[in-house]
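Reviewing the structure listed below.
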Amino acid sequence: METLLVEIESATKAKELTSILSSMNFVRKVSSVNKLKAMIAALQEHEAIKASVVKNKNKAMTKYL
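Every letter in the sequence shown is one number past the one before it in this note's numbering, and letter 50, counting from 1, is 50.
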């Protein structure tokens, strides 16, 4: 799994890109963050998922983290 952070110049363009990405079958989740606190929370959520995979010793996934 890869995480992509993109800074978009306007809210309208961000909505368009979100719509395009959401329609793709290989994209798992699209999140829009417009405040620093929300961005920090999103990054912490990603770290929690990573820690869970490592804790459960999923060797197939751990080697990619």
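Here a beta-carbon is modelled for each residue, glycine too, at the ideal position from N, C-alpha and C.
Only a predicted model underlies this, so the values are computations on that prediction, with no experimental measurement involved.
#1: What's the gap between the Cα of leucine 21 and the Cα of alanine 14?
#2: Which value, in whole angstroms, describes the spacing of the CA atoms of serine 31 and threonine 18?
#3: Taking DSSP as the reference, what is the three-state secondary structure of serine 134?
Judging by the given coordinates:
#1: Against the sequence shown, residue 21 aligns to sequence position 21. Against the sequence shown, residue 14 aligns to sequence position 14. Distance between the alpha carbons of leucine 21 and alanine 14 is about 10 Å.
#2: The residue labelled residue 31 in the question sits at position 31 within the sequence shown. The residue labelled residue 18 in the question sits at position 18 within the sequence shown. Going from the Cα of serine 31 to the Cα of threonine 18 covers about 8 Å.
#3: A question about residue 134 goes unanswered here, because the residues of the chain that appear run from 1 up to 65.
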